[in-house]
Amino acid sequence: MPKLSVVVPFYNVQTYAPDALKSLELNAREDFEFLLVDDCSTDGTPDLLERAARELPGAVHLRHGRNGGLATARNTGLDAARGEYLAFLDGDDWLAPGHLARMLAAIEALSCDFIRTDHVRCTGRTRSVQRVPFGPQSVVADPRGAILPADRATSVDYPYAWAGMYHRRLLDRGLLHFTDGLRTAEDRPWIWRLHREAESFAAVGLPGIFYRRGVSTSLTQIRDERQLDFIRAFDQVLADLAGDRESDLLLPKSVRTYCAIIAHHFGSVERYEPAVAKKLRLMSAAALGRMPQDVLDQVLDSMDVERSTVLHRLRGGRRTPSGATA
Numbered sequence: 003m004p005k006l007s008v009v010v011p012f013y014n015v016q017t018y019a020p021d022a023l024k025s026l027e028l029n030a031r032e033d034f035e036f037l038l039v040d041d042c043s044t045d046g047t048p049d050l051l052e053r054a055a056r057e058l059p060g061a062v063h064l065r066h067g068r069n070g071g072l073a074t075a076r077n078t079g080l081d082a083a084r085g086e087y088l089a090f091l092d093g094d095d096w097l098a099p100g101h102l103a104r105m106l107a108a109i110e111a112l113s114c115d116f117i118r119t120d121h122v123r124c125t126g127r128t129r130s131v132q133r134v135p136f137g138p139q140s141v142v143a144d145p146r147g148a149i150l151p152a153d154r155a156t157s158v159d160y161p162y163a164w165a166g167m168y169h170r171r172l173l174d175r176g177l178l179h180f181t182d183g184l185r186t187a188e189d190r191p192w193i194w195r196l197h198r199e200a201e202s203f204a205a206v207g208l209p210g211i212f213y214r215r216g217v218s219t220s221l222t223q224i225r226d227e228r229q230l231d232f233i234r235a236f237d238q239v240l241a242d243l244a245g246d247r248e249s250d251l252l253l254p255k256s257v258r259t260y261c262a263i264i265a266h267h268f269g270s271v272e273r274y275e276p277a278v279a280k281k282l283r284l285m286s287a288a289a290l291g292r293m294p295q296d297v298l299d300q301v302l303d304s305m306d307v308e309r310s311t312v313l314h315r316l317r318g319g320r321r322t323p324s325g326a327t328a
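Using the numbering used here, the first residue of the sequence shown is number 3, and each one after it goes up by one.
Printed below as a string of structure tokens:
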């Protein structure tokens, strides 16, 4: 059994894949495996992965016959993973040399279910460190305790699967797979489930992963219908919470985040094609109607005026909240 399996999906990233693959080479150990999942790329990415399978120690090349999206590609890698621990990398990002070994040493020393790490956000030549929104460092904690409060950024608002490492027992319990077919926001139900059902975690810093922003092929840059999958993702979060033992306590946080994401999309609605923008309005209005209305009332009254007004209009009223706070 390898000590560590790293799942790396690729889709039409021939410009960036060499950086990701080189960084894996600089992290390779004889007890590490790298599961390189080609999600039916149509550019030169498959050739790069074929060569990596021959030259990169521990590399395994897995291919999809049709494009299934990031969630499905990650699941393909998870199904093939043999490691005691698991980690993720996206095909247009890269790792600092030795980063995987440092994360592995941290999670083994802490003996917890999973760790979360800081990361470096890269936009062009600009670099900025993004911290895990959890105060205690290298201290084992209850993952549920990192979900709240509702009105501040917490660990469930830091959903990046690649910003951490996970013990295999989470995979065996069904906690690491993603919802097949989700084309965006696939990590939202995933991070909520992880924090609700895992038993222990820790934040450890270690900003050794470089997250590339502004990539033209990334769904964060493409404003087509695939972006609307965030609604299906957050509907799943709410559905999962309906059966949770602390549903009443956690629902305000999930509804507030859902509303914030809806408002975020409307902040750049002009970037959508008209037909997609119309569908965004209709689906968002329907989503607001499905939320627990008493919780939604409280959330809207606690949000800043700009976002709350947008959401009230979508909901079907034009009331401007009084006493709203940021």
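Don't be surprised by glycine CBs; every beta carbon is placed ideally from N, CA and C.
{"Query": "Secondary structure of Cys261, DSSP reduced to three states", "Result": "helix"}
{"Query": "Spatial distance of Ile117 from Gly71 (CA atoms)", "Result": "25 Å"}
{"Query": "Boundaries (first-last residue) of the beta strand (DSSP E) holding Gly166", "Result": "166 to 169"}
{"Query": "Selection from Ala187, Glu201, Arg127 that minimises the alpha carbon distance to Arg175", "Result": "Glu201"}
{"Query": "Presumed contact (8 Å Cβ cut-off) between Leu332 and Ala287, rounded CB distance", "Result": "Only positions 3 to 328 of the chain appear in the structure, and residue 332 is not among them; the question remains open."}
{"Query": "Unbroken stretches of the beta strand (DSSP E), 3 residues or longer, contained in the region 127 to 153", "Result": "128 to 132"}
{"Query": "Glu308, DSSP secondary structure in three states", "Result": "helix"}
{"Query": "Buried or exposed by the 16-neighbour rule on C-beta atoms within 10 Å, applied to His266", "Result": "exposed"}
{"Query": "Beta-carbon proximity list for Thr186, same chain, < 7 Å, skipping 5 on both sides", "Result": "Leu221, Arg228, Gln229, Asp231, Phe232"}
{"Query": "Straight-line gap, His169 to Leu177 (C-alpha atoms, nearest Å)", "Result": "11 Å"}
{"Query": "Asp303 to Arg198 span [Cα, whole Å]", "Result": "27 Å"}
{"Query": "Ala205, DSSP secondary structure in three states", "Result": "strand"}
{"Query": "Inter-residue Cα distance where the pair is Leu313 and Gly269", "Result": "11 Å"}
{"Query": "The region 43 to 51 touching the region 7 to 27, judged by at least three CB pairs closer than 8 Å", "Result": "yes"}
{"Query": "Where Arg258 falls, given that 16 or more other Cβ within 10 Å makes a residue buried", "Result": "buried"}
{"Query": "Residue from Ala279, Leu290, Ala108 with nearest C-alpha to Asp237", "Result": "Leu290"}
{"Query": "Classification of Leu51 by the beta-carbon crowding that lies within 10 angstroms, buried from 16 upward", "Result": "buried"}
{"Query": "Straight-line gap, Gln223 to Gly216 (C-alpha atoms, nearest Å)", "Result": "Unreliable placement is indicated for Gln223, whose pLDDT of 48 sits below 50; no coordinate value is reported for it."}
{"Query": "Proximity to Ala205 [Cα-Cα], best of Arg214, Ala55, Ser249, Gln139", "Result": "Gln139"}
{"Query": "Straight-line gap, Pro161 to Arg56 (C-alpha atoms, nearest Å)", "Result": "33 Å"}
{"Query": "Collapsed DSSP secondary structure at His63 in the structure displayed", "Result": "strand"}
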